[in-house]
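My numbering numbers the first residue of the sequence shown as 47 and each following residue consecutively.
First the structure, in the form of structure tokens, and then the observations on it.
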Amino acid sequence: MHHHQQESGLNIDIAQILLGAPFIIMLFLYLLAVYMSNKSKRKWPKYRTLLWGVGIVLAIISVSGPLAQQAHTDFVAHMVGHLFLGMLAPLLLALAAPMTLFLRALPVKTSRSITRILRTRFIHFFQNPIVASILNVGGLWLLYTTPLFEMMHENSLIYIFIHIHIFLAGYLFTISIIYIDPTPHRKSYIYRSVVFLFALAGHAILSKYIYANPPIGISKTEAEMGGMIMYYGGDAIEIGLIIILFYQWFKQTGPKAEIINPTPINRKEELI
């Protein structure tokens with residue numbers, strides 16, 4: 047793959063530190079919020095804390111340490127890191143309901159201010175499943191079908207920016223499809239399901255394209271293996287997302303839900 051770290055201007059060690067540090071801070075802030083919330087309210091579910099911890103670890107592994115180092119010269123390792131950073135870690139972090147936790151832990155006045163921000167058109171725009179899908183899947187198409195992938199391995203700023211984008215776009219896409227935290231501007235299940243279907247198709251087609259058309263600097267063998275990892279690994283994670291979405295849908299519209307609340311006005315999905 048790429049073997050010119052010194053000549054390229056990419057300092058992979060500094061990049062790993064800059065990318066890994068925010069996730070360590072996120073872990074600390076979440077644990078602090080759990081502590082503060084537990085002092086005044088009912089105990090925060092331990093499984094959510096575990097989900098957050100595992101998600102953070104996967105994100106750190108993908109940007110720092112041996113896997114990230116190997117990903118610089120091995121496309122297969124790069125693709126494993128992509129699945130961790132852009133798909134699996136965002137899903138686990140979303141299921142940890144961080145916004146719900148922080149709203150519980152913060153003072154009431156501050157929580158209300160954050161809630162007002164969540165209701166703004168700016169947040170609504172980016173949390174629209176269509177916009178989130180374009181940023182997520184469209185960003186991957188741009189990365190793997192243009193010289194951007196090679197540029198990423200030659201410039202530290204581009205390398206850092208792309209990894210940040212992969213994570214944020216993956217997380218934004220996840221929370222636009224399944225609602226775990228408070229979401230003022232909610233789209234219907236049908237709307238989200240249709241958008242999700244097109245996003246799945248875009249991701250699958252891209253993995254097949256990579257298989258047949260290696261990115262610049264990637265050997266055919268590595269591209270084939272990386273494309274397969276992206277296809278089958280992505281499918282496995284996406285199946286989990288589908289199960290959660292359909293579970294929420296069934297739980298809200300199933301027979302028991304109709305008996306308990308026959309008037310579905312302003313009804314919200316329950317936390318998983």
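We put the beta carbon where it would ideally sit given N, CA and C, even for glycine.
This structure is a prediction, so every number in the text was calculated from the model and none was measured.
Terminal residues of the alpha helix (DSSP H) in which residue i lies
i, result
"Phe292", "280 to 299"
"Met271", "266 to 274"
"Asp59", "58 to 86"
"Arg238", "235 to 258"
"Phe121", "121 to 129"
"Tyr190", "185 to 191"
"Arg150", "144 to 151"
"Pro136", "135 to 141"
Under the three-state DSSP convention, the category residue i falls into
i, result
"Pro91", "coil"
"Gln51", "Per-residue confidence for Gln51 stands at a pLDDT of 45, beneath the threshold of 50, marking its modelled position as unreliable; the derived number appears in the next sentence. The answer is helix: DSSP assigns Gln51 an H, G or I state."
"Tyr225", "coil"
"Gln173", "coil"
"Ser159", "helix"
"Glu200", "coil"
"His209", "helix"
"Ser110", "coil"
"Thr166", "coil"
"Gly263", "coil"
"Ile311", "Only weak support exists for where Ile311 lies, its pLDDT of 42 falling under 50; the value from the coordinates is given anyway. Ile311 falls in the coil class under three-state DSSP."
"Ile305", "Note that Ile305 scores a pLDDT of 48, beneath 50, so its modelled location is shaky; the value from the coordinates is reported in the next line. Three-state DSSP puts Ile305 in a helix."
Nearest to residue i (by Cα), restricted to the options the options
i, options, result
"Phe195", "Lys254, Leu164, Met125", "Met125"
"Leu188", "Thr95, Ile208, Gly272", "Ile208"
"His231", "Tyr278, Val122, Ile221", "Ile221"
"Asn259", "Arg167, Thr192, Ser159, Ala151", "Thr192"
"Ile262", "His199, Ser108, Ala79", "His199"
"Ile251", "Tyr237, Ile264, Pro112, Met276", "Met276"
"Pro153", "Ala79, His118, Trp90", "Ala79"
"Phe292", "Ser83, Gly279, Lys266, Tyr225", "Tyr225"
Integer Cβ distance of residue i from residue j, believed to fall under 8 Å
i, j, result
"Tyr190", "Ala61", "At roughly 19 Å, the Cβ-Cβ gap does not stay under 8 Å, so Tyr190 and Ala61 are not in contact."
"Val183", "Gly248", "4 Å"
"Tyr76", "Leu147", "7 Å"
"Phe213", "Ala105", "7 Å"
"Ile283", "Met133", "5 Å"
"Pro68", "Trp98", "That pair is no contact at about 14 Å."
"Leu139", "Gly101", "4 Å"
"Thr108", "Leu73", "First, the residue type needs correcting, since residue 108 is Ser and not Thr in the sequence shown. Actually they do not touch by this definition, with Cβ atoms about 15 Å apart."
"Ala269", "Ile256", "6 Å"
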